[in-house]
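Following the numbering used here, the numbering of the sequence shown begins with 69 at its first residue and continues without gaps. In this text, a Cβ means the ideal position worked out from N, Cα and C, and glycines have one as well. Just so you know, these numbers come straight off a predicted model, no measurement behind them.
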Amino acid sequence: MAFSRLLPLPLLLFLTACGSKDSAPGEAAPTDGEEESAVKPKALVTVGTVQTDTLTDVLQLSAVSAFPAKDALRATTTGYVLAPTPVVGQQVRAGQTVFTIQTKESKTLHLDQLTGDPRLKFSGIIRIKSARAGILATVDKLAGDYVQDGEQLGLTYDRSRFGFVLDVPVTQLRYVHTGQNCRIILPDGRTLTGRVAEVLATADVSIQTQRYTIRPTGPVPELPENLAVQVELDKTAPHLARTLPRGAVLTDETQTEFWVMKLLNDSTAVKVPVTVGAQEKDHIEIKAPAFNPKDKILLSGNFGLDDTAAVKVTRPVGAEARPEK
């Protein structure tokens, strides 16, 4: 039964092919680390150099819009509120009639209908006018309501006193003073010019802040009260500084350590700790170390890279080739 030891031809070819993948006699087999390094992909990155820009150290704080002065519209007699009554948010002009009251006697005797001679002022109709231009904040009485002399009918914001309330931490008080110019950033991105108008004499004991008022110095759009905005104040005068794009500077979760990835050679990037200074929207000042103008810093593809990472420099999307000189 010797024929039973023969292997089928397909199986014999398969074993021969598998054996060809083994190392040749006398040749060391590749280790796992060498195989992994051979196939490990390189991170695609773009690079740039440190630039010199004019920067200003800016203090950013939160503020809210406010109408610090409000005018109360009060009844000047006892009577009934007549229609039409205003609505909350309505704009009123200086001297505009906001509420109309008919005295109790006039309503009882129908004097408003009996007085036909315009020279006779016995109609009993009293008009309550706004002293200043503003916006109606509240409407406390409606048509048909009976009111007493001196009772509040509504409340208007004094538009001439419109501004923003700014809470400054006591640790930053040295950077804020009355008369200082500032920029007011609205939620939709628009920027208004403003000035620190006055400082209030009390501080918030719980959060240790000092309250200031900010007044716009230019045209102001129609804004509601209690609108949250950002206020920028210059802490220093403009100065020349070495900067990098914001995306080139990396930091930890607590934002206490900062670093960049510097290109060591054509395919290796190393981690370099840096000390940052003024930070603007697109650029960050690099105070230390003093990079060489020819040092190449990773601008993109740098996030999550380890020290001494393998990289491949690529051209940014949309960049045009520059002719060599």
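As assigned by DSSP and simplified to three states, the class of residue i
i	result
T153	coil
L221	strand
L210	coil
E392	Annotation note: pLDDT 39 at E392 (below 50); position unreliable, coordinate value reported separately. In this structure, E392 counts as coil in the three-state DSSP scheme.
T145	coil
L241	helix
R227	helix
A92	Unreliable positioning characterises A92 in this predicted model, as indicated by a pLDDT of 49, which lies under 50. A coordinate reading is not provided.
G315	helix
K172	helix
G202	strand
A140	strand
F359	coil
L254	coil
L291	coil
A305	coil
R310	strand
L268	strand
Residues bridged to residue i [DSSP beta-bridge criterion]
i	result
N249	R263
Q347	I352
V273	Paired residues: none, contrary to the question.
T114	S368
V338	K330
L234	A131, Y280
H322	For the sequence presented, residue 322 should be read as Thr rather than His. Its beta-bridge partners do not exist; DSSP assigns none.
V160	G202
V166	Beta-bridge pairing links V166 to no other residue.
Local Cβ density within 10 Å of residue i, reported as buried at 16 or more and exposed below that
i	result
A261	Sequence check: residue 261 is Thr here, not Ala. Exposed, since its Cβ has fewer than 16 Cβ neighbours within 10 Å.
S174	buried
K89	Residue confidence for K89 is low, a pLDDT of 48 falling below 50, so the modelled location carries little weight and cannot support an answer.
E353	buried
T311	buried
L123	buried
E221	According to the sequence displayed, residue 221 carries Leu and not Glu. Result: buried.
T336	exposed
A92	Residue placement at A92 is flagged as unreliable, the pLDDT there being 49, under the threshold of 50; a coordinate-derived value is accordingly withheld.
I112	Correcting the residue identity first, residue 112 is Leu in this sequence and not Ile. L112 is exposed by the Cβ-count criterion.
T246	exposed
K330	buried
S14	In this structure the chain extends from 69 to 393, so residue 14 is not present and cannot be described.
V264	buried
F167	buried
T281	buried
F135	buried
T270	exposed
N370	buried
Terminal residues of the beta strand (DSSP E) in which residue i lies
i	result
Q298	296-302
Y280	277-284
S133	126-134
K380	377-381
R195	193-197
Q119	119-123
Distance between beta carbons of residue j and residue i, contact taken as under 8 Å
i	j	result
K339	D363	Incorrect: roughly 14 Å between the Cβ atoms, too far for contact.
A346	A309	7 Å
I253	E300	7 Å
L210	V273	Rounded, the Cβ-Cβ distance is 41 Å, inconsistent with contact.
T114	L367	5 Å
K205	V156	Lys is not the amino acid found at residue 205; the sequence shown has Ala there. At roughly 7 Å, the Cβ-Cβ gap stays under 8 Å, so A205 and V156 are in contact.
V118	P361	7 Å
A201	R229	With a Cβ gap of about 11 Å, A201 and R229 do not count as contacting.
I196	L141	5 Å
D139	H351	With 8 Å as the limit, D139 and H351 do not qualify as a contact, their Cβ atoms being about 47 Å apart.
Residue-chain proximity (residue i, chain C), Cβ-Cβ < 8 Å
i	result
L366	The question asks about chain C, but that chain is absent: this structure has only one protein chain.
Residue i: CB within 7 Å of a non-hydrogen atom of the ligand SAH
i	result
L367	Looking at this structure, you won't find the ligand SAH or any other ligand, since it has none at all.
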